[in-house]
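Remarks on the structure that follows.
Number of protein chains: 2
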Amino acid sequence: MSLIKKDKFSNIRDLSIPVLALDVVIFTIFKWELCIITQKKEKENWPKHVLPGWIMAKWFSIRENIENLLKRKTWIQWVFYEQLKTFWEVERDPRWHVVSIVYYALVWTDNFLHNVDFTQVDIIKFDDLDKLDFMYDHKKIIEYAKQRLKWKLEYTNVAKDMLGEEFRISQLQEVYEIILWEKIDKRNFQKKIFKLKMVKETWNLDKSTNRPAKLYKFVDKELKIYEVL
Amino acid sequence: MSLIKKDKFSNIRDLSIPVLALDVVIFTIFKWELCIITQKKEKENWPKHVLPGWIMAKWFSIRENIENLLKRKTWIQWVFYEQLKTFWEVERDPRWHVVSIVYYALVWTDNFLHNVDFTQVDIIKFDDLDKLDFMYDHKKIIEYAKQRLKWKLEYTNVAKDMLGEEFRISQLQEVYEIILWEKIDKRNFQKKIFKLKMVKETWNLDKSTNRPAKLYKFVDKELKIYEVL
DNA sequence: GCAAAAGTGTTTGGTCTACACCCATGA
DNA sequence: TCATGGGTGTAGACCAAACACTTTTGC
Chain U
1 MSLIKKDKFS NIRDLSIPVL ALDVVIFTIF KWELCIITQK KEKENWPKHV LPGWIMAKWF
61 SIRENIENLL KRKTWIQWVF YEQLKTFWEV ERDPRWHVVS IVYYALVWTD NFLHNVDFTQ
121 VDIIKFDDLD KLDFMYDHKK IIEYAKQRLK WKLEYTNVAK DMLGEEFRIS QLQEVYEIIL
181 WEKIDKRNFQ KKIFKLKMVK ETWNLDKSTN RPAKLYKFVD KELKIYEVL
Chain H
1001 MSLIKKDKFS NIRDLSIPVL ALDVVIFTIF KWELCIITQK KEKENWPKHV LPGWIMAKWF
1061 SIRENIENLL KRKTWIQWVF YEQLKTFWEV ERDPRWHVVS IVYYALVWTD NFLHNVDFTQ
1121 VDIIKFDDLD KLDFMYDHKK IIEYAKQRLK WKLEYTNVAK DMLGEEFRIS QLQEVYEIIL
1181 WEKIDKRNFQ KKIFKLKMVK ETWNLDKSTN RPAKLYKFVD KELKIYEVL
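Following this line, the structure appears as structure tokens:
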């Protein structure tokens, strides 16, 4: 969207069809909070946020478009991503009719923290959304994505993409508590997760806490349906 | 997609961006079967089916685009519709890179049967899908839409759009049985629906069956979440 | 020995399932 | 009077929610 200045797209607004863009809502859990990765912008000396996005390149696959976008705008690799929705209201951008295909992505924070260039990219807390200024309808899009993320947690193993390979059950529970924004009973949570056979033991122990904890990993690497809640 | 012959789009394939199309999967229940409305095509003297669709017009809202599309291609009005997914694999159309924003729609058969021009439009049974020839990836899209429809039935009141204003509980149950493709226990179904307060009595009776049946209507006109199954 | 997080069972109430008979009407 | 679909209740199995104390380790 903001990349429209590139030469090859300079005549784009004169076309008889709308402009097609790709935007991504990237979620991660950072310091016990649900966060979103945005691009920094300035407009009239005032900080603005935008979702990472660009004008879609023709003849490139989704995978290439998204992975290039993420790599070049945020230095992030190894993410889970899934289509969220296409936003195409006429009035979303006052200048042109921009149709945005929006994806949401999940990253395990440790996978990108050391790569990110924080002069270009911001990590913002989801709870600060209302305090920040977003361009276009991006705030609405983020709220929509959060809703989808909640649903996905409730009936799939999508949490796998917000954790490392091995994790304590209590860490898995934290992911649920942070995103669903509610306290969950420890015993009932474990019973549920084990009964679903969503995770399996690794026989390794995490000794970083006081009493060492068993480490688990997900049975499936791929997204799979589980009736969690 | 097939409308590309129109003059105003004649140069569209030379653009640096993909072509943007709108397609709709229209479901209806016709003669106790789940059906889909397609456009008739012929290719090399062989009947082909296509989803109703066209190249998206710039500066028109979703509502205008969809409602005009439906009206002009299928003579259908008064439908429920919701965005399904955007399909944008490079190889979906061998000629151009076409990005299709696909919606699914539900119609109560009585609302359109007398309007339709069957020389242009076909009503096909979902169960015949594998026997028929579709252009592009439209068969895959229909299967995806069917899956979404099932989920929606299971956790919303979306069935309202496949029935008239007032209906017998057994008719509602039929909608569920046809789409979910399973037999449901009459007593358990009624208990569930009533407990959810999804429908309310109208105090009218349907005397067209042997023993007159109570008629109900939906409490909400709008789509609302209900944990039906 | 104390602080911190791990680990573990039981009871209770609610929900889901399976199942069969009588009723009101039109033909 | 019979065929058709309408209307209704219960028992048993299973699942979800609420709830608190003991264990292991590092400091």
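Same order as they appear, the protein sequences are chains U and H.
In case it helps, this note's numbering puts the first sequence at residues 1 to 229.
In case it helps, this note's numbering puts the second sequence at residues 1001 to 1229.
Don't be surprised by glycine CBs; every beta carbon is placed ideally from N, CA and C.
Keep in mind that this is a model prediction, so the values were computed, not measured.
Assigned exposure category for residue i - 16 Cβ within 10 Å defines buried
i, result
"residue 149/U", "buried"
"residue 1164/H", "exposed"
"residue 1113/H", "exposed"
"residue 1098/H", "buried"
"residue 92/U", "buried"
"residue 988/H", "Because chain H spans 1001 through 1229 in this model, residue 988/H falls outside it and cannot be assessed."
"residue 1203/H", "exposed"
"residue 73/U", "buried"
"residue 1001/H", "Low confidence applies here, because residue 1001/H scores a pLDDT of 38, under 50, leaving its location unreliable; read the following figure in that light. It counts as buried."
"residue 43/U", "exposed"
"residue 142/U", "buried"
"residue 17/U", "buried"
"residue 1214/H", "exposed"
"residue 131/U", "exposed"
"residue 1059/H", "exposed"
"residue 1181/H", "exposed"
"residue 1179/H", "buried"
"residue 1037/H", "buried"
Neighbouring residues, chain U, relative to residue i (Cβ below 7 Å)
i, result
"residue 1119/H", "What residue 1119/H touches in chain U: nothing, since even the nearest Cβ is about 30 Å away."
"residue 1094/H", "Result: empty, since nearest Cβ-Cβ is about 13 Å, beyond 7 Å."
"residue 1143/H", "Residues of chain U passing the Cβ test: none, with the nearest at roughly 16 Å."
Chain H residues whose Cβ lies nearer than 7 Å to that of residue i
i, result
"residue 97/U", "1058, 1059"
"residue 86/U", "1083, 1086, 1101"
Chain U contact residues for residue i, given Cβ-Cβ distances below 8 Å
i, result
"residue 1020/H", "17, 18, 20, 99"
"residue 1222/H", "The premise fails here: residue 1222/H is roughly 17 Å from chain U at the closest Cβ pair, so nothing lies under 8 Å."
"residue 1033/H", "Result: empty, since nearest Cβ-Cβ is about 27 Å, beyond 8 Å."
Residues of its chain near residue i, where Cβ-Cβ distance is below 7 Å and the 5 sequence neighbours each way are ignored
i, result
"residue 57/U", "65"
"residue 175/U", "29, 159, 162, 163"
"residue 190/U", "169"
"residue 183/U", "177"
"residue 139/U", "129"
"residue 1123/H", "1030, 1035, 1037"
"residue 220/U", "157"
Contact list for residue i against chain H, beta-carbon separation under 9 Å
i, result
"residue 75/U", "Within 9 Å Cβ-Cβ: nothing; residue 75/U doesn't reach chain H, min ~25 Å."
"residue 182/U", "Going along chain H, no residue has its Cβ under 9 Å from residue 182/U, so there is no contact; the nearest lies around 17 Å."
Residues of its chain near residue i, where Cβ-Cβ distance is below 8 Å and the 5 sequence neighbours each way are ignored
i, result
"residue 69/U", "22, 24, 52, 53, 54"
"residue 1007/H", "The predicted position of residue 1007/H is uncertain, since its pLDDT is 41 and thus under 50; a value taken from the coordinates is nonetheless stated next. Correct list: empty, nothing qualifies."
"residue 1186/H", "1170, 1173"
"residue 235/U", "Outside the modelled stretch of chain U, which goes from 1 to 229, sits residue 235/U, for which no answer is possible."
"residue 1145/H", "1025, 1027, 1084, 1102, 1104"
"residue 1216/H", "1166, 1167, 1168, 1169, 1172, 1199, 1200, 1201, 1202"
"residue 1212/H", "1205, 1206"
"residue 1193/H", "1169, 1172, 1199, 1228"
"residue 1226/H", "1155, 1156, 1157, 1196, 1198"
"residue 1188/H", "none"
For residue i, three-class secondary structure by DSSP
i, result
"residue 1144/H", "helix"
"residue 173/U", "helix"
"residue 1057/H", "coil"
"residue 1027/H", "strand"
"residue 37/U", "strand"
"residue 1190/H", "helix"
"residue 220/U", "coil"
"residue 49/U", "strand"
"residue 1204/H", "strand"
"residue 122/U", "strand"
"residue 1109/H", "helix"
"residue 74/U", "helix"
"residue 1236/H", "Given that chain H is displayed from residue 1001 to residue 1229, the structure contains no residue 1236/H and the question cannot be resolved."
"residue 228/U", "coil"
"residue 101/U", "strand"
beta-carbon residue i near the ligand SAM non-hydrogen atom, thresh 7 Å
i, result
"residue 79/U", "This structure simply doesn't include the ligand SAM, nor any ligand for that matter."
Cβ neighbours of residue i in the same chain (closer than 6 Å, five flanking residues each side left out)
i, result
"residue 1088/H", "1099"
"residue 1161/H", "1080, 1106"
"residue 136/U", "92, 93"
"residue 154/U", "228, 229"
"residue 1125/H", "1033, 1035"
"residue 115/U", "75"
"residue 152/U", "158"
Presumed contact (8 Å Cβ cut-off) between residue i and residue j, rounded CB distance
i, j, result
"residue 101/U", "residue 1086/H", "5 Å"
"residue 156/U", "residue 205/U", "Contact flag wrong, Cβ pair sits at about 28 Å."
"residue 1117/H", "residue 1049/H", "So it is not a contact: roughly 16 Å between Cβ atoms."
Where residue i meets chain U, residues with beta-carbon distance less than 9 Å
i, result
"residue 1089/H", "61, 62"
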